[in-house]
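This report refers to the structure that appears directly beneath it.
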Amino acid sequence: MKAHVDKDTCVGCGLCPSICPDVFEMQDDGKAGEIKESVPESAADTAKEAEDSCPVNAIEVE
Ligand code: SF4
1 MKAHVDKDTC
11 VGCGLCPSIC
21 PDVFEMQDDG
31 KAGEIKESVP
41 ESAADTAKEA
51 EDSCPVNAIE
61 VE
């Protein structure tokens, strides 16, 4: 399973790292990014939750 943040779409709300800090972080550009593209099994559920919760649908987890 891989995670990707579309930085052009992200509005930097900070929600995804708070839901799934193993995969997402806020970066120097004020946008979210992936800590690792490959989602660890242990974080699969929260990564999916972050994808569903992003207010601008900037996250793809598949
Ligand atoms: S939840 Fe969406 S808009 Fe908010 S920081 Fe994460 S990717 Fe950006």
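Per the working numbering, the sequence shown starts with residue 1, numbered consecutively.
All C-beta atoms in this analysis are idealised placements derived from N, C-alpha and C, irrespective of residue type, glycine included.
Let me check understanding here. Comparing Cα to Cα, which of Met1, Ile19, Gly30 lies closest to Gly12? Gly30
Starting from Ala44, trace the alpha helix (DSSP H) in both directions and tell me its first and last residue. 44-53
Where Ile35 sits in the DSSP three-state scheme: DSSP places Ile35 in coil when its eight states are reduced to three.
With a 10 Å radius around its C-beta and 16 neighbouring C-beta atoms as the bar for buried, classify Val56 as buried or exposed. Exposed is the call here.
What residue does the beta strand (DSSP E) around Val61 start on, and which one ends it? It spans 59-61 - the beta strand (DSSP E) in which Val61 sits, taken as one unbroken run.
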